[in-house]
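Participant: Quick note, the sequence shown lines up with residues 1 to 414 if you use the UniProt record's numbering. Even glycine gets a Cβ: it sits at the ideal position worked out from N, Cα and C. Sharing a structure here in structure tokens format.
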Amino acid sequence: MSAGPGAAAAPPVGLDDVRAAARLLEGVVRTTPLEPSAALSELVGGPVLLKCENLQHAGSFKIRGAYTRMCRLSAEERERGVVAASAGNHAQGVALAARLLGIRSTVWMPAGAALPKVEATRRYGATVHQAGSTVDEALVHAAAHSRATGAVLIHPFDHRDVVAGQGTVGLELVEQAAAAGHDLRTVVVCTGGGGLVAGVAAALSALAPGVRVVGAQAEGAAAYPASLAAGAPVTLDRMATMADGIAIGRPGDVPFGLVRDLVDEVVTVSEESLSRALLLLLERSKLLVEPAGAAAAAALLEHPGAFEPPVAVVLSGGNVDPLLLLRVVRHGLAAAGRYLGCRVQVPDRPGALSGVLALLAEADANVLEVFHTRTTTTLAVDEVEIGLQLETRGHEHAAAVLEALAGAGVRVVG
Ligand SMILES: Cc1ncc(COP(=O)(O)O)c(C=O)c1O
């Protein structure tokens, strides 16, 4: 029967497409674990399950879409090679899929892409070029490369096969949740261009229509809320987030239609919540997740009452630059009262510094760093300032340490 005028067009990706992608991916991708999280379950008031795509080959879900797309290239297209643009995860997914399929790959990455992601992409066998400061800018170079050389552009999210491949995450997590006896009510998915959340929604809308699908974007790079409000993809004029994987300035056309029709809500999360989520997953679940990969977990931290359990949270990737990890961990520890930085002013006489250190030892604060200065304008000639970096057990302990100093007559100035 042909569709009459006014009949709704079939969505570009449906459950059958996702199932077909799952068959292609058999033996290629890992069925990543779906792990319960005690910490998040307590917060939400019901079961929270973590879909660990940070443990996927090449460190993120991206191999699913890249392999599905490239598997369907003709022999002639494969001969021409492929080209992609990415901040890192799609780059690695494309490079690994190309190696598995025996295809030449070239990847354009932004100039500031994390070094470990650049190196990993090269190790998987891709030729890497760096240009532009965002993925959108790198994409312009990749498209020009494709026009000049005939290499097939593998878009990170704006293609039916890519969306179908990413959707296999949704298939898997529904089956795994059911096998563990959970009747899922909500799935929260980290969202950039929208390929992952669109694929998951395409699978779930047919397979488990009662499940609410929610996208999570970084507040500083949230193209979806504005685009959904406008009824069409809009381009952000600037982005600011540490979550490089989801810093995408414009939703893809293919994912946008699916998100508009099938995703229940797109929420945003702050940088603070991203770092708290990363730290919680590391400390409580022993899972290393990159900031983009922690966006869905951050949404639970930020809006704990907004998601009906059982909730599945997609941890979409784990490729994090150790230097960024160091900064995030320090920031998260400071926010939790586990670091205390302060300055004290004391008389400039022998024994003054050791007196302060003795007080700190008594208060059970571990000294990490000490700076000693005599030249600040707020000091009298016979005073010194001591800057202290201390390890404390939490906010209460930090307050008790400051009280112990003040109680002993030490002037705390900041
Ligand atoms: C770790 C991670 N999470 C989420 C996403 C967002 O995927 P999409 O662009 O399909 O929304 C990306 C994209 O690169 C990513 O690397």
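Report back the beta-carbon spacing between Gly249 and Thr235 to the nearest angstrom; my notes put them in contact at under 8 angstroms.
Facilitator: Contact holds; Cβ gap of about 5 angstroms.
Participant: Round the Cβ separation of Leu204 and Val187 to the nearest angstrom and send it over; I've been treating them as touching at under 8 angstroms.
Facilitator: With a Cβ gap of about 7 angstroms, Leu204 and Val187 count as contacting.
Participant: Below 8 angstroms on the Cβ atoms is my contact criterion, and I expect Asp17 with Arg212 to pass it. Report the Cβ-Cβ distance as a whole number of Å.
Facilitator: Contact doesn't hold; Cβ gap of about 22 angstroms is too wide.
Participant: Could you give the distance in angstroms between the alpha-carbon of Pro304 and the alpha-carbon of Ala201?
Facilitator: So the two alpha carbons sit approximately 22 angstroms from each other.
Participant: So Ser146 packs on Ser316, CB below 8 angstroms; how close in whole Å?
Facilitator: Actually they do not touch by this definition, with Cβ atoms about 26 angstroms apart.
Participant: Relative to the C-alpha of Leu379, which candidate in Gln389, Val346, Ala399 and Leu368 has its C-alpha closest?
Facilitator: Of the candidates Gln389, Val346, Ala399 and Leu368, the one whose C-alpha sits nearest the C-alpha of Leu379 is Val346.
Participant: Alpha carbon to alpha carbon, what distance is there between Glu290 and Arg338?
Facilitator: If you take the alpha carbons of Arg338 and Glu290, they lie about 22 angstroms apart.
Participant: Comparing alpha-carbon positions, which option in Glu362, Ala298 and Leu360 lies nearest Leu40?
Facilitator: Selected option, being the one with the closest Cα: Ala298.
Participant: From which residue to which residue does the beta strand (DSSP E) around Asn366 run?
Facilitator: It spans Asn366 to Thr373 - the beta strand (DSSP E) in which Asn366 sits, taken as one unbroken run.
Participant: Give the straight-line distance between the Cα atoms of Gly81 and Val152, rounded to the nearest whole angstrom.
Facilitator: Rounded to whole angstroms, Gly81 to Val152 spans 6 angstroms at the Cα level.
Participant: Indicate the three-state DSSP secondary structure (helix, strand or coil) for Gly317 in the structure shown.
Facilitator: DSSP places Gly317 in strand when its eight states are reduced to three.
Participant: Distance, Cα to Cα, Ala218 vs Glu383?
Facilitator: Their backbone Cα atoms lie some 47 angstroms apart in a straight line.
Participant: Leu196: beta carbon under 8 angstroms from a heavy atom of ligand 1?
Facilitator: Yes.
Participant: Counting pairs of beta carbons, one from the stretch 104-113 and one from the stretch 128-138, are three or more of them closer than 8 angstroms?
Facilitator: Yes: at least three Cβ pairs fall under 8 angstroms.
Participant: Taking the alpha-carbon of Val197 as reference, which of Thr121, Asn319, Gly293 and Gly150 has the nearest alpha-carbon?
Facilitator: Out of Thr121, Asn319, Gly293 and Gly150, Gly293 has the C-alpha closest to the C-alpha of Val197.
Participant: Have a look at Val313, Asp321 and Ala334 and flag the residue whose alpha-carbon is nearest the alpha-carbon of Ala113.
Facilitator: Residue Asp321 is the option with its Cα nearest to Ala113.
Participant: What's the C-alpha gap between Thr191 and Ala361?
Facilitator: Whole-angstrom Cα-Cα distance: 47 angstroms.
Participant: Could you tell me whether the stretch 166-184 touches the stretch 86-105, using the rule of 3 or more Cβ pairs below 8 angstroms?
Facilitator: Segments in contact, no.
Participant: Please return the same chain residues whose Cβ sits closer than 8 angstroms to the Cβ of Pro309, not counting the five positions on each side in sequence.
Facilitator: Only Ser41, Val44, Gly45, Gly46, Pro47, Val48, Arg185 and Thr186 meet the Cβ criterion.
Participant: Can you give the Cα-Cα distance for Leu402 and Val410, rounded to whole angstroms?
Facilitator: Rounded to the nearest angstrom, the two C-alpha atoms are 9 angstroms apart.
Participant: Is the CB-CB distance between Arg238 and Ala38 below 9 angstroms?
Facilitator: Going by C-beta atoms, Arg238 is not nearer than 9 angstroms to Ala38.
Participant: Fully enclosed by the stretch 177-253, which alpha helix (DSSP H) runs are 4 residues long or longer?
Facilitator: Fully enclosed alpha helix (DSSP H) runs of 4 or longer: 195-207 and 223-230.
Participant: Suppose contacts are defined by Cβ-Cβ distances below 9 angstroms. Is Ala221 in contact with Ile246 by that definition?
Facilitator: Yes, the Cβ-Cβ distance between Ala221 and Ile246 is below 9 angstroms.
Participant: Round the Cβ separation of Leu274 and Ala295 to the nearest angstrom and send it over; I've been treating them as touching at under 8 angstroms.
Facilitator: Confirmed, about 6 angstroms.
Participant: Classify Leu279 as helix, strand or coil using the three-state DSSP reduction.
Facilitator: In this structure, Leu279 counts as helix in the three-state DSSP scheme.
Participant: Between Thr268 and ligand 1, is there a pair consisting of the residue's CB and a ligand heavy atom that are separated by less than 8 angstroms?
Facilitator: For ligand 1, not one heavy atom lies less than 8 angstroms from the Cβ of Thr268.
Participant: According to DSSP, is His155 part of a helix, a strand, or is it coil?
Facilitator: Note: His155 maps to coil in three-state DSSP.
Participant: Could you tell me how far apart the beta carbons of Gly252 and Gly195 are, in whole angstroms, since I believe they sit closer than 8 angstroms?
Facilitator: That pair is a contact at about 6 angstroms.
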